[in-house]
Amino acid sequence: MSSVTDSVIFRNIFSTPAISSIWSDNQRTSYYLLFEASLASVQADIGIIPRQAADAIIAFCHVTNIDFDELRVQTEAIGYPVLGVVKQIVQKVNKLQPGLGEWAHWGATTQDVTDTTTILQLRDTLNLISEALIAITSDLRRLCETHKATLMVARSNLQQAVPMTFGFKMARLLATFERHQQRLLEIKSRLLVLEFGGAAGTLATIKDGRGFECQAALAQKLGLSVPEIAWHTERDRIAEVGGFFALLTGTCSKFATDVKLMMQTEVGEVSEPFYPHRGSSSTMPQKRNPISSVYITAMGATVRQLSAALYEAMVEDHERATGPWEIEWIVLPQICTLTYASLSKTSELITGLEVHSDAMKKNLEITRGSVVSEAVMMGLAPKLGRQFAHDLVYELCRRSVQEDIPLLTLLCADDKVRESGLSKEDLEGLCDPANYTGLSVEMVDRVLAGTHIGQ
1 MSSVTDSVIF
11 RNIFSTPAIS
21 SIWSDNQRTS
31 YYLLFEASLA
41 SVQADIGIIP
51 RQAADAIIAF
61 CHVTNIDFDE
71 LRVQTEAIGY
81 PVLGVVKQIV
91 QKVNKLQPGL
101 GEWAHWGATT
111 QDVTDTTTIL
121 QLRDTLNLIS
131 EALIAITSDL
141 RRLCETHKAT
151 LMVARSNLQQ
161 AVPMTFGFKM
171 ARLLATFERH
181 QQRLLEIKSR
191 LLVLEFGGAA
201 GTLATIKDGR
211 GFECQAALAQ
221 KLGLSVPEIA
231 WHTERDRIAE
241 VGGFFALLTG
251 TCSKFATDVK
261 LMMQTEVGEV
271 SEPFYPHRGS
281 SSTMPQKRNP
291 ISSVYITAMG
301 ATVRQLSAAL
311 YEAMVEDHER
321 ATGPWEIEWI
331 VLPQICTLTY
341 ASLSKTSELI
351 TGLEVHSDAM
361 KKNLEITRGS
371 VVSEAVMMGL
381 APKLGRQFAH
391 DLVYELCRRS
401 VQEDIPLLTL
411 LCADDKVRES
421 GLSKEDLEGL
431 CDPANYTGLS
441 VEMVDRVLAG
451 THIGQ
């Protein structure tokens, strides 16, 4: 194998059949042929090439008519597969109807076909990603509703911080994925654009002022937008979608990282979906490794590294480049397959996530009250002054840990705390994590209602 996405063993982990088919030789070549057939069709409609020639070209343009062994040989010799495809069209159409094959690829250049094919493959990729995002956001909404008030501890620098709810944590993730859905819609309008300009992009080969007419008809035929101008060496469209994929997998990786940390034996707040022997160890039978999360973070890191290459590919010389363009050929298939696989695994993880609310409650109690020290400090501050209250509570928290005494007990016994006028009932209220989740529940509701969007 040359990559994990080609491996019989690994390909359904780091890819899926649906996304792999989009970036296969078969699909790429099918889109080359779709371009050539569509071009011949619209040019015959306009009167640029004979109708008989267009019909003969269209009749040939099915991928089953391509000799892939010959195409490989031609690609190795020429350096590009498009010319090899065009040669087969010309030769085989001419064999049946002499001379008509010469009208194939009229006024187009190799990069027109290649770039438009890439856009069509990216369109298919974004359609899959859109479906994955719909599934992810739907399941996240369910988790938010179910756990909007489920108490847990927030963490800062891997240390317990203050109480919050698990629904709040999931609502932050939901809001992020909803922003990605917005980004996807915005990117489509800039990305899904035809490339058809000829050698230097000027449409010089289409005579009698019919260049724009031909371009517009071809764009409509392929379901793409008309370019405002040629973009052979302006690669911002491709780089932008690569950046979007990096953002997507970054979000997936952040979630997977949190899952890995929450699955630690000492934490135990969530578990990945259970399957027999999933994530088991060859030597330690007790282990249940966060295997899906491991794959998600590995794929996300790879996508972010590969996406950087697309920014390098933007630095192209003049009107047709000497090398940067080919960077896209190398990394785009990997970026797209890994991104979609990462989203698919994230969706499966969210759908089957096991939430252990009892462990969350237990973890809130392990600091013996220190987790609500901020609440206590703010409760004492109006009477004692904020800085004095901070230093007092800091010292009591230190003693609570050293002496293994609940913070509430130390507060009730402290003279300065008694001088503040707070009763035992007041202190008990301040020390109850359920009373210090702020607007966690309300923020979950706001995300679920969508009232945050556009604000």
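According to UniProt numbering, the stretch in the sequence shown is residues 1 to 455, in order.
Every residue, glycine too, gets a C-beta built ideally from N, C-alpha and C.
For the candidate residues Gly211, Phe196, Glu234, Leu192, whose alpha-carbon lies nearest to that of Gly223? Here residue 223 refers to the residue found at position 223 of the sequence shown. Sorting Gly211, Phe196, Glu234, Leu192 by C-alpha distance to the C-alpha of Gly223 places Leu192 at the top.
What's the gap between the Cα of Ala359 and the Cα of Phe274? Taking the sequence shown and counting its residues from 1, one reaches residue 359 at position 359. Taking the sequence shown and counting its residues from 1, one reaches residue 274 at position 274. About 18 Å.
On the criterion of 16 or more Cβ atoms from any shown chain inside 10 Å, does Ile366 qualify as buried, or is it exposed? As a working mapping, residue 366 is identified with position 366 in the sequence shown. Ile366 is exposed by the Cβ-count criterion.
Per DSSP, Val193 is paired with what? For this step, residue 193 is matched to residue 193 along the sequence shown. Partner residues in the beta bridge of Val193, as assigned by DSSP, are Ser225.
For Ile405 and Ala413, what's the separation of their Cα atoms in angstroms? Start at 1 with the first residue of the sequence shown, and residue 405 comes out as number 405. Start at 1 with the first residue of the sequence shown, and residue 413 comes out as number 413. Rounded to whole angstroms, Ile405 and Ala413 show a C-alpha spacing of 12 Å.
If you follow the beta strand (DSSP E) that Ala154 is part of, which residue opens it and which one closes it? Reading the sequence shown from its first residue, position 154 is the one you call residue 154. Taken as a continuous stretch (DSSP letters only), the beta strand (DSSP E) holding Ala154 covers 151-156.
Unbroken alpha helix (DSSP H) run spanning Val331, endpoints: Residue 331 sits at position 331 when you count from the first residue of the sequence shown. Looking at the DSSP string, the run of the alpha helix (DSSP H) that includes Val331 is 324-351.
Count Cβ pairs between the segment 339-359 and the segment 41-58 that sit closer than 8 Å; are there 3 or more? No, because fewer than three Cβ pairs between the segment 339-359 and the segment 41-58 fall closer than 8 Å, the two stretches do not touch.
C-alpha distance - Leu128 paired with Leu122, whole-angstrom precision: For this step, residue 128 is matched to residue 128 along the sequence shown. For this step, residue 122 is matched to residue 122 along the sequence shown. Spanning the two alpha carbons is a distance of roughly 10 Å.
Could you check whether Met299 and Ser342 sit closer than 9 Å to each other, using their CB atoms as the reference points? For the purposes of this step, residue 342 is identified with residue 342 of the sequence shown, where counting begins at 1. For the purposes of this step, residue 299 is identified with residue 299 of the sequence shown, where counting begins at 1. Contact flag set, yes.
At a Cβ threshold of 9 Å, is Lys254 touching chain B? Absence of chain B from the displayed structure is noted, only one protein chain being present.
Where Ser20 falls: helix, strand or coil (DSSP): Taking the first residue of the sequence shown as 1, we reach residue 20 at position 20. Ser20: helix per DSSP, three-state reduction.
Through-space distance from Cys214 to Gln220, alpha-carbon basis: If you number the sequence shown from 1, residue 220 lands on position 220. If you number the sequence shown from 1, residue 214 lands on position 214. Rounded to whole angstroms, Gln220 to Cys214 spans 10 Å at the Cα level.
If Asn363 sits next to Val267, beta carbons under 8 Å apart, how far is it from one beta carbon to the other, in whole angstroms? As a first step, residue 363 is located in the sequence shown; it is residue number 363 there, counting from the start. As a first step, residue 267 is located in the sequence shown; it is residue number 267 there, counting from the start. About 7 Å separates the two Cβ atoms, so the contact holds.
How do the segment 428-447 and the segment 151-168 stand: do at least 3 beta-carbon pairs fall below 8 Å, yes or no? Touching, per the Cβ criterion.
I'd like to check one pair, Ile335 with Ser307: are the Cβ atoms closer than 9 Å? Position 307 of the sequence shown, counting from 1, holds the residue named residue 307. Position 335 of the sequence shown, counting from 1, holds the residue named residue 335. For Ser307 and Ile335, yes; Cβs fall inside 9 Å.
Assigned secondary structure, Ser271 (DSSP; H/G/I helix, E/B strand, else coil): Stepping through the sequence shown from its first residue, residue 271 is reached at position 271. Reduced to three states, the DSSP call for Ser271 is strand.
Residue environment, Val4, which counts as buried when at least 16 other CB atoms sit within 10 Å: By one-based count along the sequence shown, residue 4 stands at place 4. By the 10 Å Cβ count, Val4 comes out buried.
Any chance you could list the beta strand (DSSP E) runs of at least 3 consecutive residues sitting entirely within the segment 38-79, in chain order? Here no run is fully enclosed.
Under the three-state reduction of DSSP, which class applies to Thr109: helix, strand or coil? Along the sequence shown, one-based indexing puts residue 109 at 109. Thr109 falls in the coil class under three-state DSSP.
Write down the C-beta distance between Phe60 and Ile89 rounded to the nearest angstrom, noting that I regard them as a contact closer than 8 Å. Within the sequence shown, residue 60 is the residue found at index 60, counting from 1. Within the sequence shown, residue 89 is the residue found at index 89, counting from 1. 6 Å between Cβ atoms; contact.
Would you report the Cα separation of Thr137 and Val303, rounded to the nearest angstrom? Position 137 of the sequence shown, counting from 1, holds the residue named residue 137. Position 303 of the sequence shown, counting from 1, holds the residue named residue 303. If you draw a straight line from the Cα of Thr137 to the Cα of Val303, it comes to about 22 Å.
CA nearest to the CA of Arg190, picked from Leu96, Ser344, Ile119: Position 190 of the sequence shown, counted from the first residue, corresponds to residue 190. Comparing C-alpha distances from Arg190 to each of Leu96, Ser344, Ile119 shows the shortest one belongs to Ile119.
Note down, in chain order, each residue of its chain lying with its Cβ closer than 7 Å to the Cβ of Lys416, except the 5 sequence neighbours on either side. Against the sequence shown, residue 416 aligns to sequence position 416. Leu384, Leu392.
Can you tell me the Cα-Cα spacing of Ala239 and Gly211, whole angstroms? To locate residue 239, count along the sequence shown from 1; it is residue 239. To locate residue 211, count along the sequence shown from 1; it is residue 211. Rounded to the nearest angstrom, the two C-alpha atoms are 28 Å apart.
Between Leu185 and Leu140, which are expected to be in contact by the criterion C-beta below 8 Å, what is the C-beta distance as a whole number of angstroms? In the sequence shown, counting from the first residue as 1, residue 185 sits at position 185. In the sequence shown, counting from the first residue as 1, residue 140 sits at position 140. Wrong, their Cβ atoms sit about 19 Å apart, outside the cutoff.
By how many angstroms is the C-alpha of Arg446 removed from the C-alpha of His452? Within the sequence shown, the letter at position 452 stands for residue 452. Within the sequence shown, the letter at position 446 stands for residue 446. A caution first: His452 carries a pLDDT of 49, below 50, which makes its placement in the model unreliable, though a value can still be read off. Roughly 6 Å separates the two Cα atoms.
Quick test of your reading: Leu349 and Ser293, contact by CB under 8 Å. State the CB separation rounded to the nearest angstrom. Within the sequence shown, residue 349 is the residue found at index 349, counting from 1. Within the sequence shown, residue 293 is the residue found at index 293, counting from 1. With a Cβ gap of about 7 Å, Leu349 and Ser293 count as contacting.
Write down the C-beta distance between Val355 and Val270 rounded to the nearest angstrom, noting that I regard them as a contact closer than 8 Å. Counted from its first residue, the sequence shown places residue 355 at position 355. Counted from its first residue, the sequence shown places residue 270 at position 270. Contact annotation, Val355 with Val270: C-beta distance approximately 6 Å; criterion of less than 8 Å satisfied.
Let me confirm a value: Lys424 is counted as buried when at least 16 other C-beta atoms fall within 10 Å, else exposed. Which label applies? Stepping through the sequence shown from its first residue, residue 424 is reached at position 424. Counting Cβ neighbours within 10 Å, Lys424 comes out exposed, since fewer than 16 surround it.
Report buried or exposed for Pro333, applying the criterion of at least 16 other Cβ atoms within 10 angstroms of its Cβ. What you label residue 333 is simply residue 333 of the sequence shown in a count that begins at 1. Here Pro333 is buried: its Cβ has 16 or more other Cβ atoms, across all protein chains shown, within 10 Å.
Smallest Cα separation from Cys252: which of Ser344, Val315, Thr233? As a first step, residue 252 is located in the sequence shown; it is residue number 252 there, counting from the start. Relative to Cys252, the option among Ser344, Val315, Thr233 whose CA is nearest is Ser344.
Which residue from Gln27, Leu151, Ser373, Glu428 puts its Cα closest to that of Val401? In the sequence shown, residue 401 corresponds to position 401, counting from 1. With distances taken between Cα atoms, Val401 lies closest to Ser373.
Candidates Phe177, Val93, Gly438, Leu71: closest to Leu151 by CA position: In the sequence shown, residue 151 corresponds to position 151, counting from 1. When only C-alpha atoms are compared, the closest one is Gly438.
Quick check: Val42 and Leu194, are their CB atoms within less than 9 Å of each other? Translated into the one-based positions of the sequence shown, residue 42 becomes position 42. Translated into the one-based positions of the sequence shown, residue 194 becomes position 194. With contacts defined as CB atoms closer than 9 Å, Val42 and Leu194 fail to qualify as a contacting pair.
Please report the straight-line C-alpha distance between Val95 and Thr205, rounded to a whole angstrom. The sequence position of residue 95 within the sequence shown is 95, counting from 1. The sequence position of residue 205 within the sequence shown is 205, counting from 1. It should be pointed out that residue 95 corresponds to Lys in this sequence rather than to Val. Put simply, the backbone Cα of Lys95 is about 26 Å away from that of Thr205.
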